[in-house]
Structure formats: structure tokens, C-alpha cells
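**Q** The working numbering numbers the first residue of the sequence shown as 10 and each following residue consecutively. The beta-carbon is built from N, C-alpha and C at its ideal position, and this holds for glycine as well. In this text, all values refer to a predicted model and were calculated from it rather than measured experimentally. What follows is a single structure, and I will ask about it in a moment.
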Amino acid sequence: MPKTQTARTETHPSHNPLYFINLHWYEETNRSFSVLLTTRLCATHREQQVATATKGKRKGEKTPLSTIKGCCSRKPEFFHPNMPIMEAIFRLLLSNENQPMTAEEISARLVELGLDNNWVRDGAAGVVRRLIEHDRVYGLSPAPESQPASGS
Ligand SMILES: [Zn+2]
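Right, dumping it as C-alpha cells:
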């Protein structure tokens, strides 16, 4: 049974795509990135964020990702071994200020963080890639390649 393989793989297979949290996706799907973000902040920054939000500031007003990188992601509760993979990937990108990462980099970091619950050991990058490509929750997607690629 020939399955119609939708050959819309525009990104070249030999090219290793970088993944990031696509903030436009949140706008397009009417989701709130800052809501998602708030629940990942440490207690201190969560309070600040809530306080800011209730002051009626613009919705886009949010805790910068550098705060997560510098503070919240360093708290012991930010990553824990039992969190779902997608959650871990999402948090990993947050802790990296949403700098695009390859599936290999992501899976390597997950191992470093001790989040490699079996799944990550074999073919981890492939698993990560597939999960991200199918994500409908976190807005993860391949990063556009229009960015000037410094280095190779
Ligand atoms: Zn914090």
C-alpha cells in the first residue's frame, strides 16, 4: 500500500535544522506565551510577573528570557527527571534564551541535565526532532534560516 508521502520537506535533509520556540505561532494560534512562561518562572519572578500583569500593563509585557537563563532555570525545581520530554525541551530552550539548537544539541543537553529517561539514549536526536516537528503545544518549530549563520 503506497502511502502518499507528503514530500513537503522543504528543508534540505542534509541540512541540520535548528529548533526554537516560535513566538509567532502563539500569536497565530491566539495563545499566550507569557502565561506559559509565568508558570515556569521561579517563585520570585512569578510573583513579579503576576504583579506586573495585574497592573494592567500590556499583555506583551513579560519577563525577559535572560531572567530565566540567569535565574529561574538555575533553580533546582526548573528541571526534574520526571518531567515530560516536551516540557524538558521547552524549558531547555527557555534556559537558552530561545537560541535555536539542533536536535543533537538538545538531546545532549538533556543527557547532561539528567533528563535522559531511557528514551534519549538511542537515537535521541531523531526522537527530539520528531517530537518537535509534531508539537502542537509549545510552539516549537524549525528556526528560519534567514538568520545570518555565523560560522558553519
Ligand atoms: Zn527567577
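Beta-carbon within less than 6 Å of H24's beta-carbon, same chain only, minus the 5 sequence neighbours each way: which residues are those?
**A** Once the five neighbours on either side are set aside, H24 has no close Cβ partner at all.
**Q** Can you tell me which of the three DSSP states F87 falls into?
**A** Of the three classes helix, strand and coil, the one that applies to F87 here is coil, per DSSP.
**Q** Under 8 Å: does the beta carbon of T64 sit that close to some heavy atom of ligand 1?
**A** Per the sequence presented here, residue 64 reads as Lys, with Thr not at that position. Checking the Cβ of K64 against ligand 1 gives no.
**Q** Shortest alpha-carbon distance to S43 belongs to which of T61, S116, L122?
**A** For S43, the nearest C-alpha among the options comes from T61.
**Q** Could you check if T48 belongs to the surroundings of ligand 1, using beta carbon to heavy atom distance under 8 Å?
**A** Not so, every heavy atom of ligand 1 lies at least 8 Å from the Cβ.
**Q** Per DSSP, what are the beta-bridge partners of S6 in this structure?
**A** Residue 6 is absent from the model: the chain starts at 10 and stops at 161.
**Q** With DSSP as the reference, please indicate the residues paired to T111 in a beta bridge.
**A** Looking at the DSSP assignment, T111 forms a beta bridge with L27.
**Q** Taking all protein chains shown into account, decide if S82 is buried (16 or more other Cβ within 10 angstroms of its Cβ) or exposed.
**A** Answer is buried; the Cβ neighbour count reaches 16.
**Q** Check whether the region 134–149 and the region 87–99 are in contact - that is, three or more C-beta pairs closer than 8 Å.
**A** The region 134–149 vs the region 87–99: in contact.
**Q** Please enumerate, following chain order, all residues with a beta carbon closer than 5 Å to at least one heavy atom belonging to ligand 1.
**A** Selection output, chain order preserved: C51, H54, C80, C81.
**Q** Extract the residue ranges of the alpha helix (DSSP H) inside the region 41–80, only unbroken runs of 4 or more that lie entirely within it.
**A** For the region 41–80, whole alpha helix (DSSP H) runs of length 4 or above, ordered along the chain, are 42–47, 52–63, 74–79.
**Q** With a CB to CB cut of under 7 Å and the five nearest residues on each side skipped, what residues in its chain are close to R55?
**A** So the list reads T47, once near-sequence residues are dropped.
**Q** Who are the near neighbours of Y35 in its chain, counting only those whose CB is closer than 6 Å to its CB and skipping five residues on each side?
**A** So the qualifying residues of the chain are F42, G148.
**Q** What residue from C51, H89, H143, P90 has the CA that sits closest to L74's CA?
**A** Checking every option, the nearest Cα to that of L74 belongs to C51.
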